[in-house]
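Chains as they are written, first to last, in this note's numbering: chain G, 213 to 428; chain S, 213 to 428.
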DNA sequence: AAATCTGTCAACGTTGAAGTTGATTGACGT
DNA sequence: ACGTCAATCAACTTCAACGTTGACAGATTT
C-alpha cells in the first residue's frame, strides 16, 4: 500500500525528498540517543511531529529506514573520506604530516556529519542483525579500507625511521583509532568547551610526541 | 510463584548459588554478543542448556538478571579497581610510574573479568533505560571516581613538570581512556596474537613517549 | 515409605511494538 | 465548484518476546 504510493511518485516530488531527508535526520538522532533496538518508530514519529503510521509513507519498515540512513548518508561520507585520504597521500608532504591530515580528516568528518557517522561507530555492526547484509559488508569494507590507509602509513613511518620500531604498528593503529572513535561518547558539536580542532591538536601531539615534557 | 521459591531458599542452597552464577555468566556472554536489547531470554536459556521459563527460578525478570550482573559482579570489580588504584597512589613510586600501574590495572582487570567489564563498557549506560536507577548511578559514580584518580594524577604530572603543559589534561584523559576502552571492540582474552600485557606496554610507551623515533 | 524440596518443562496469558488499511484533509490545477 | 493527489491519522491486525502457572521428576529428609 505505502509501497504503491512510493513507487508512484518515486523519484520526483519537490518537497517529498526534503521531508524524507528530514525524517532521516530525526531518525538518526533518535537512533543515536537510544540505540537501534531500543528506539521505537513512535519515538521517531514524535520527533518528526507526526504519527507513527506516516513513517510508512516514506519507508517500508524500521529496517529500511535504518538501512537508508547508511545507504543514503553514511556510505557517501565514508566514500568522501577515502577519496580525501587518498588525495592526502598524493600530496607533497612528509609522511608524518600526511598522518596528521588523516586524523584531522576523520575527526572533522565526525563533526561535520554529526550524528550520522557517530551512529555508525556506536552501533557495533558486528552485533547487529544486519551484519550479513550486502550493504553492511560494504560499509565494513570501506572502514577497513580507511584503516588500511592509516595502517600502511604507520608502516611507512617506521620503515623510514620517523617512527620508533619497537611498538607493533597494529597496536599503534588500535591506539589511534581508539582515541578517535571513543570521541563518540563525549564529543558533541556546537559551541562547547572542547571542539574537534582542539581535540585534533591534542591527539596528534600526544600520539606523535607523547605526554612527557621534552624539557624535563 | 518463582518469588515464593526464591524467598524460601533465598540465602542457603549449596549449588543453587553455583548454578545462579553459571547462568549469570552465560547471560553476560549473550548480552555481550548481542547487546542488552537484542538479546532474548531464549538466547540465554539456550546457552544455559534449559528452558526459558527456568530462568525465572533464578531471576524475576530480564531486567533483574541484567541488574544482578552489575550488582553481583561488575560493581565488585569496580570497587576492587578503585581500592587497587588507591593502593598504587600510596606506593613509593614516581608519579609517572603510578600512572603506568593504573593503566596496567585497568587493562588487566578487563582481561581477568572478561566479559563482565566489557559488557559494562559496551552498553552505554547513558542510553539504557536503567540510567536513572540507583545502581546505575552507583556504577557511574565508581567509574567517575576511577577517572578522577587518573585525572588528578595527570594534573600532578603536569604540575611537577614531568608531563608537558600545553595539552589540556582533560583531553589527555579522554585520549588515554579512549585507547583503553576501545579495546572492548577487538581485545579478546585467551591465547591470541595480541594480549593485554603487550597492549599495556604499547599504550604506555605511546602515551608517555609518543610514536616518534627518539633517535631520528 | 511418606513428605518435602529442588529444579525443569510445556502450555498459556499478556504486552508492546511493528506493520496495514481505508478514510480524511488540504492544496492545487482545471 | 470539482477532481486529483500528496500526506496524514485513527483504528486495526499480527507477532515476537516477556512473564505465569501448575504439574512433575528426582533427590533428600524424616
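Cβ atoms here follow ideal geometry from the backbone N, Cα and C, with glycine treated the same way.
The structure displayed is predicted, hence computed values, not measured ones.
Exclusion of the five residues before and after residue 377 of chain S leaves 370 as the residues of its chain whose Cβ lies within less than 6 Å of its Cβ. DSSP links residue 375 of chain S through a beta bridge to G:424. Residue ranges of uninterrupted beta strand (DSSP E) with 3 or more members are absent from the region 314-392 of chain G; none lies entirely inside it.
Under a criterion of Cβ atoms nearer than 8 Å, no residue of chain G is adjacent to residue 346 of chain S; the nearest Cβ is some 21 Å distant. Within the same chain, Cβ atoms closer than 6 Å to the Cβ of residue 318 of chain S are found at 392, the five residues on either side in sequence being excluded.
If you draw a straight line from the Cα of residue 343 of chain G to the Cα of residue 384 of chain G, it comes to about 27 Å. In this model, residue 333 of chain S and residue 394 of chain S are separated by some 9 Å (Cα to Cα). Residue burial is scored here from C-beta neighbours: residue 364 of chain G has fewer than 16 other C-beta atoms within 10 angstroms and is therefore classed as exposed.
Neighbours of residue 374 of chain S across chain G, judged by C-beta separation under 9 Å: 423, 424, 425, 428. Nearest in C-alpha terms to residue 294 of chain G, of all of G:240, G:406, G:361, is G:361. The three-state reading of DSSP puts residue 236 of chain G in helix, counting H, G and I together.
Judged by beta-carbon spacing, residue 380 of chain G lies beyond the 9 Å limit of residue 423 of chain S, meaning their Cβ atoms are not closer than that value. Nearest CB-CB separation between residue 414 of chain S and chain G: below the 9 Å threshold. Cβ contact annotation for residue 281 of chain S (same chain, cutoff 8 Å, sequence separation greater than five): 236, 239, 240, 243, 328, 331, in chain order. Ranking S:406, S:321, S:390 by CA distance to the CA of residue 285 of chain S puts S:321 first. Positions of the alpha helix (DSSP H) runs, each at least 4 residues long and wholly inside the region 231-288 of chain G, are given as 253-260, 267-270, 274-280 in order along the chain.
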